[in-house]
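See the structure below:
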C-alpha cells in the first residue's frame, strides 16, 4: 500500500490541488510503460490540476476527485471551513504561509472557528489535518482516506484497463466545478455512455465495515435503475463482496454527471468509512480490496 501512503502524505485542499496533481502525473510517467495499455495523457494548464488518461477506445470512465476538505485562514486567527471538515477542538492542523511552516490546533465550534498559532497568519492560508496513518490487520485509519482511497483505486485500475478513461477531478469537496469541462472534453474526444465514481461513502446503520465495497443505489440523487441493475448483476456474478447503500443525502461527482447535458449513466461505488471528514477516518482493508477487485471486474465486463 505504498502508493496509498504516499498519497496520504500529500496536502491538497479544494482549490490547492497542484501538489497532488504533480504526484499523479509523475506516478503515471514512471509506471505507464508497464501497464497493459499505454494511455494518452491529458494534463497541464489547459486542464488546471485535473488529469485524464485515455486507454484504448473508451465507452466508460472512472472519476476520482483529488481534493480534500480543510480550512482557510480569514482575518486575525479566524478559520473558515473548506468543504465540510469536522470541527473538533484540539485537532492538530498544518499549513504554510510567507513566513514559513505552521503547526497549530483548531479551537471553537461551528459558530466560530479559530487557530492558536502564536503569530498572525497570512490571509488565505490553507490548513489541512495533520496526518497520522495507522494500519493494523483489519483497518487503515488516517485523515483524508476520502478521497485518497478513491484515487488509489483509480491508479490501480490503470494497470489492467484496456478501454476506458481514468479521470482525476478537482473541487469536489467544495461545490464541484471541474466536471463540466472534463465531461465536455471527453465527449468531444472519445465519448462515453457509462461512468463509475471512485469515492468514499459513510458507515451508517445499514452499511458496515468488512462487508464489502458499497454500491450506492441512491444518495441525494438517483441514477438510472436499468444501469444499476446491470452493475448489480455483474457484481453478483463476480462473487466479490459488496453491500448496498440507500441514503437521502450526500453527493459526489455523480451529481455533475447527472446534471450534465450528456446521456451518461453513472454509479457511485466505494468503500465505507467511519469518522467521516475527521483526522481519524477509518476504512476496512478488506473493503478496499473488494473495491479494487470490483472495479477491475466491471471495467472488463460492463
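Residue numbers (our numbering): 368 to 669. Beta carbons: idealized from backbone N, C-alpha and C, even for Gly. Since the model is a prediction, treat every value here as computed from it, not as a measurement.
Tell me the DSSP bridge mates of residue i?
{"i": "residue 563", "result": "429 and 634"}
{"i": "residue 532", "result": "421 and 428"}
{"i": "residue 569", "result": "640"}
{"i": "residue 602", "result": "Partner(s): none; residue 602 has no beta bridge."}
{"i": "residue 545", "result": "Partner(s): none; residue 545 has no beta bridge."}
{"i": "residue 672", "result": "No answer is possible for residue 672: it lies beyond the span of the chain, which begins at 368 and ends at 669."}
{"i": "residue 540", "result": "Answer by DSSP bridge pairing: none, since residue 540 is not bridged."}
{"i": "residue 511", "result": "In the DSSP output, where bridge partners are listed per residue, residue 511 has none listed."}
{"i": "residue 613", "result": "585"}
{"i": "residue 552", "result": "DSSP output for residue 552 lists no bridge partner at all."}
{"i": "residue 506", "result": "651"}
{"i": "residue 580", "result": "609"}
{"i": "residue 462", "result": "469 and 494"}
Is it buried or exposed for residue i, if we count other Cβ within 10 angstroms and need 16 for buried?
{"i": "residue 479", "result": "exposed"}
{"i": "residue 412", "result": "exposed"}
{"i": "residue 566", "result": "buried"}
{"i": "residue 495", "result": "buried"}
{"i": "residue 628", "result": "exposed"}
{"i": "residue 485", "result": "exposed"}
{"i": "residue 421", "result": "buried"}
{"i": "residue 376", "result": "exposed"}
{"i": "residue 646", "result": "buried"}
{"i": "residue 649", "result": "buried"}
{"i": "residue 456", "result": "exposed"}
{"i": "residue 568", "result": "buried"}
{"i": "residue 604", "result": "exposed"}
{"i": "residue 386", "result": "exposed"}
{"i": "residue 589", "result": "exposed"}
{"i": "residue 515", "result": "buried"}
{"i": "residue 466", "result": "exposed"}
Tell me the DSSP secondary structure of residue i in three-state form.
{"i": "residue 439", "result": "strand"}
{"i": "residue 410", "result": "coil"}
{"i": "residue 475", "result": "strand"}
{"i": "residue 467", "result": "strand"}
{"i": "residue 587", "result": "coil"}
{"i": "residue 313", "result": "Because the chain here runs from 368 to 669, residue 313 falls outside it and cannot be looked at."}
{"i": "residue 574", "result": "coil"}
{"i": "residue 619", "result": "coil"}
{"i": "residue 457", "result": "coil"}
{"i": "residue 517", "result": "helix"}
{"i": "residue 594", "result": "helix"}
{"i": "residue 660", "result": "helix"}
{"i": "residue 498", "result": "coil"}
{"i": "residue 388", "result": "helix"}
{"i": "residue 381", "result": "coil"}
{"i": "residue 607", "result": "coil"}
{"i": "residue 481", "result": "strand"}
{"i": "residue 648", "result": "strand"}
{"i": "residue 396", "result": "helix"}
How close, in whole Å, do the beta carbons of residue i and residue j come, if the pair is a contact with beta carbons under 8 Å?
{"i": "residue 577", "j": "residue 651", "result": "5 Å"}
{"i": "residue 529", "j": "residue 429", "result": "About 13 Å separates the two Cβ atoms, so there is no contact after all."}
{"i": "residue 612", "j": "residue 581", "result": "5 Å"}
{"i": "residue 618", "j": "residue 586", "result": "6 Å"}
{"i": "residue 536", "j": "residue 417", "result": "6 Å"}
{"i": "residue 464", "j": "residue 488", "result": "6 Å"}
{"i": "residue 664", "j": "residue 584", "result": "Their Cβ separation, rounded to whole angstroms, is 19 Å, which puts residue 664 and residue 584 out of contact at 8 Å."}
{"i": "residue 641", "j": "residue 533", "result": "28 Å between Cβ atoms; not a contact."}
Inspect the beta-carbon positions of residue i and residue j and report whether they are closer than 8 Å.
{"i": "residue 517", "j": "residue 431", "result": "yes"}
{"i": "residue 442", "j": "residue 490", "result": "yes"}
{"i": "residue 419", "j": "residue 563", "result": "no"}
{"i": "residue 433", "j": "residue 388", "result": "yes"}
{"i": "residue 483", "j": "residue 454", "result": "no"}
{"i": "residue 546", "j": "residue 620", "result": "yes"}
{"i": "residue 458", "j": "residue 511", "result": "no"}
{"i": "residue 630", "j": "residue 527", "result": "no"}
{"i": "residue 427", "j": "residue 669", "result": "yes"}
{"i": "residue 437", "j": "residue 395", "result": "no"}
{"i": "residue 497", "j": "residue 460", "result": "yes"}
{"i": "residue 524", "j": "residue 481", "result": "no"}
{"i": "residue 521", "j": "residue 424", "result": "no"}
{"i": "residue 374", "j": "residue 519", "result": "yes"}
{"i": "residue 399", "j": "residue 406", "result": "yes"}
{"i": "residue 655", "j": "residue 638", "result": "yes"}
{"i": "residue 493", "j": "residue 542", "result": "no"}
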